[in-house]
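Take 4 as the starting number for the sequence shown in the numbering used here and just add one per residue. Where is the CB? At the ideal position from N, CA and C, for every residue including glycine. All of these numbers come straight from a predicted model, not from anything done at the bench. So the structure is just underneath, and the comments pick up after that.
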Amino acid sequence: MSQSVCRVLAVLTAAIMGVACAPLGAGAGGGASARAAVDAGIATAPTSTHTTGAATGERTDSLDFSVHRLGGANRYEAAVNVSREFFGPPVSRVVVASGEIFSDGVAAGPAAARFGGPVLFVKSDHIPETTREEILRLRPSSIIVLGGPATIDDAVVDGLGTLASGGATRISGPDRFATAAAVSANAFSAGASTAYVASGRVWPDALTGGAAAVVQSAPMLLTDTRSLPEATRTELRRLRPSRIMLLGGTTSVDPAVATELAAIAPVERISGPDRYGTALAISARIFGPGRPGVMISTGANFPDALAAAAAATHTRGPTLLARGSSLPTGTTSELDRLGPDTAYLLGGTASVPVTIAKAVQRELGVCWAADPPTDGRIETITSAPATTTPRIAYTLDMGGRLDGAADIVRYLTDHQVCTTFFPTSIMASTPEGREVMDLIAAHPELFEVGNHTVHHCDLVAGGGGSPTSLPCQQAMTSSFIRSELTGAESVLRALSGMPIRPFWRPPYGSYDSTVQSIVAAVGYPKTVLWSRDTIDWDPDTTTQQIIDRATSPPPPGGTIVLSHLGGFHTGAALPVIVETLRARGLIFTTVSGLYRQ
C-alpha cells in the first residue's frame, strides 16, 4: 500500500482504531499461505515442550513454564499471598511468627508444613489486617505462635486466639535455640530419618534449607557458631535421627559444632562460599530434576523466604537466592537442571527486581525479553541485524478499537510470546484498556511498553487522532508534541508499572528529524518502526492475509512485525503466526531484546 493511500485510509478510520502506516521503504510481506487460516477467535495451540532454536542446536524449553510473583505492599501482605497461592481452607493449623525479627521464626517453615498450614506474620503489638483476613479465610482449627512476649505481645496471642476454634498456643523458649527445639518437639516425633541444623546467628542457611527440610519431613534446629546449645542437643537426642544435615560453612558453624553433632548421628555438611553458594549446594544435594516449582528470594533479607518455606510441600523444589538485580553464578545452570514448571519470585520488585524475572524467563521459557537501552543516541529502528540465534520482535499498537484485545494478551501470556506494546494513553485509560494494561503489567518478564502518544495525532502534518480527531486539529508545535509524549508517559507508567522510555512509535509512522529531536529531549531517542506490516487495522484484511504478511516469505532474524490490539482478525491469525514462526526456529522477543542482540 502506498504511503499516501494509507494516510487517507488512516484518517477515515481513525475514530475506529489507531492506525500505523508503513513508513516509506518498509515492506508489508505477502506471498503464499503459511497455513490454513482459522475461522474466528483465538485458536488453542498445544501445550507441550517446544524446541526454541531447532536450527541452531539450542536447548529445549517448555511452553508449560511460567514466572509467578508472590509479592505485596509489605512482608505481611507478601506472606498472605504465598498462603493464598498454596493453601486453601480449612487448614489444621496456621503458624504465626514475627515479621520484624527472624530469630524465633527461622525454623517455622518445616513445622508449618508438618501442621499442614502456612506461615503468616504479625507485628509485636498488633495483628495486621491482611493477616487477620487470611486467617479467617483459612479457618484453622488452631494457631501456633512462635516466640516469647518480648517478640509477640500476649495481647496479640489473645487476639489470634479469637480467630480459630481451638485458640492460639505460644511455643517459645528462653532463646532462639530453645524456641526452635520446642517447635521441633511439638511438630516431629522421635525416630526422624533426618534433622537439619543451621546457624541461629544468621538467617540465610536456615531459610534456604527450610525447603529441603520440608520435602524430607525433617525439623530445622539451630546452633550457635562455636558450640551446640543444650536445647538443640537434647532435642536431637530425642529425635534420634539417622543423619544430620549441617548447613553453612565453617564461618557460620565451627568444625567443633560438627564434632559435637557427630556424637549424636552421622553429619553431612552442605555449604558454599557464601549464602548464595550454600543455597545452590542445598538444591544440588537434595533436589532432583523435574521440580514442579522453584522459589527465588532476595539474599538480603529474611521475611519472604521464611514465609514461603512451608509451600515446598507443593512446589517440591528449593529456595534459591538473588543477589540484588542479578542471579549469582551457577544459578542459571541449576535452574536448567531442576527444570521447574514455575519459578515463584518471592516479594515485590524492590526485593526481587524485574531483571531477575527476565533472566529466569530467558533461561527456562521460550521467548526472550531484555531491559531497554539507556544510551541517548537518536536512531530509527526498523529491524535488527540477524544473529545465529534468530529473533523476531512482535509489536502491537493500541490506539483505537479494542474488541478482543484482552484475549490477545491472554494468548500471548499463555504461549510465552514476548511482545512490545505501543498504547496511546487515551485508549489505555478506557475500561477495556485498563483491563489490557493490567494483563500486561502482570508479566514484565514477557512484555514491555513503549509510547504511542496521548491522542494518536500525526505529529508532522497534523490531523489524524483516535478515537476522535478533535485534539489533533491544531498546529504541531514543539510544546504540543512534547505534551503528547510526556502526558502519555505518566499514564502508561502508572498503569503498567514499567518504564516507558526510550521507545516510541509515531502514529501513522509519521515523523521527521525535527519531531525526533523534540521527543528525544523528553526521553524518547528511539523511534521504533517495523519491517513487516500485517495491515490488520483494515476490516477488509482477511485472517489469511494477516498470516501471510507476517510469515511469507519467511522473515529473517531481526524482523519487527506490526499488528494492532483490536485488529479485526488479529486474534484469529495470531496462533498460526506464532506456531509457524516458531517452527522455523525464530524466537519471539521484545524490541529491547532485539535491540540488545
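Practice prompt. Compare the Cα-Cα distances from Ala171 to each of Thr154, Ala387, Ala158 and Gly91 and report the closest residue.
Written response: Ala158
Fill in: Distance between Ile146 and Thr242 (C-alpha atoms, nearest Å)
For the sequence presented, residue 242 should be read as Leu rather than Thr. Rounded to whole angstroms, Leu242 to Ile146 spans 24 Å at the Cα level.
Discussion item. If you reduce the DSSP assignment to three classes, tell me which class Ser101 lands in.
Written reply: strand
Worksheet item: Just the Cα atoms here: how many angstroms apart are Pro244 and Leu323?
Response: 26 Å
Discussion item. Check for me: the alpha helix (DSSP H) holding Leu163 runs from which residue to which?
Written reply: From DSSP, the alpha helix (DSSP H) with Leu163 extends over Asp157 to Gly164.
Discussion item. Along the chain, where does the alpha helix (DSSP H) containing Lys126 start, and where does it finish?
Written reply: Taken as a continuous stretch (DSSP letters only), Lys126 belongs to no alpha helix (DSSP H), as it is neither H nor E.
Worksheet item: Between which two residues does the alpha helix (DSSP H) harbouring Pro578 extend?
Response: Thr573 to Ala586
Worksheet item: Under a Cβ-count criterion, where at least 16 other Cβ atoms within 10 Å of its own Cβ denotes burial, should Thr226 be classed as buried or exposed?
Response: buried
Item to complete: Could you name each continuous beta strand (DSSP E) segment of 3 residues or more that falls completely within the region 405-442, going from the start of the chain to the end?
Response: The region 405-442 contains, as complete beta strand (DSSP E) runs of 3+ residues, the segments 422-426 (chain order).
Worksheet item: Ordered along the chain, which non-local residues of its own chain (more than five positions away) have a Cβ less than 6 Å from that of Gly74?
Response: Only Ala81, Gly350 and Gly351 meet the Cβ criterion.
Worksheet item: In its own chain, which residues sit with a C-beta less than 7 Å from the C-beta of His458, not counting the 5 before and 5 after it?
Response: Thr427, Ile429, Gly468, Pro474, Cys475 and Glu487
Practice prompt. Over the uninterrupted beta strand (DSSP E) stretch that includes His71, give me the two end residues.
Written response: Ser69 to Leu73 is the extent of the beta strand (DSSP E) around His71.
Discussion item. Within 8 Å, do at least three Cβ pairs link the region 187-195 to the region 109-128?
Written reply: Cβ pair count under 8 Å is three or more, so yes.
Discussion item. Run through the DSSP bridge pairs and tell me what Trp507 is partnered with.
Written reply: Asn454 and Thr530
Worksheet item: Going by DSSP, which residues form a beta bridge with Leu149?
Response: Ile174
Discussion item. Buried or exposed, going by whether 16 or more other CB atoms sit within 10 Å of the CB of Gly625?
Written reply: With the chain represented from 4 up to 600, any question about residue 625 goes unanswered, as that position is not in the structure.
Worksheet item: How many whole angstroms separate the CB atoms of Trp533 and Thr398, which I take to be in contact at a CB cut-off of 8 Å?
Response: Confirmed, Cβ separation roughly 7 Å.
Worksheet entry | Within 8 Å, strictly: CB atoms of Leu231 and Leu210 | For Leu231 and Leu210, no; Cβs fall outside 8 Å.
Worksheet entry | DSSP-derived helix/strand/coil call for Phe305 | coil
Fill in: Through-space distance from Phe506 to Val83, alpha-carbon basis
37 Å
Fill in: Of the residues Ile384, Gly500, Thr228 and Tyr514, the one placed nearest Val564, counting alpha carbons only
Ile384
Worksheet entry | Contact check, Thr583 vs Thr546, beta carbons under 8 Å | no
Practice prompt. Return the residue from the list Glu103, Asp67 and Arg72 that minimises the CA-CA distance to Arg78.
Written response: Glu103
Worksheet entry | Counterpart residues of Trp371 in DSSP-defined beta bridges | Thr592
Fill in: Three CB pairs or more closer than 8 Å across the region 89-98 and the region 136-152
yes
Worksheet entry | Span separating the alpha-carbon of Gly194 from that of Arg72 | The alpha-carbon atoms of Gly194 and Arg72 are separated by roughly 37 Å.
Worksheet item: Applying the criterion that 16 or more other CB atoms from any shown protein chain within 10 Å of the CB defines a buried residue, is Thr253 buried or exposed?
Response: exposed
Worksheet item: For Val218, which residues does DSSP report across the bridge?
Response: None, per the DSSP bridge assignment.
Worksheet item: Quick one: any contact between the region 377-395 and the region 556-573, if contact means 3 or more CB pairs under 8 Å?
Response: yes
Worksheet entry | Where His317 falls: helix, strand or coil (DSSP) | helix
Worksheet item: Is Gly453 near Val531, with beta carbons less than 8 Å apart?
Response: yes
Worksheet item: What number of angstroms, rounded off, separates the C-alpha of Ser106 from the C-alpha of Glu233?
Response: A direct Cα-Cα distance of roughly 17 Å separates Ser106 from Glu233.
Item to complete: Express the C-alpha separation of Tyr347 and Glu88 in angstroms, rounding to a whole number.
Response: One C-alpha to the other measures close to 10 Å.
Discussion item. Can you give me the C-alpha to C-alpha distance between Ile549 and His572, rounded to a whole angstrom?
Written reply: 8 Å
Discussion item. DSSP three-state label for Tyr598, please.
Written reply: helix
Worksheet item: Quick check: the region 362-374 against the region 484-501, are there 3 or more CB pairs under 8 Å?
Response: no
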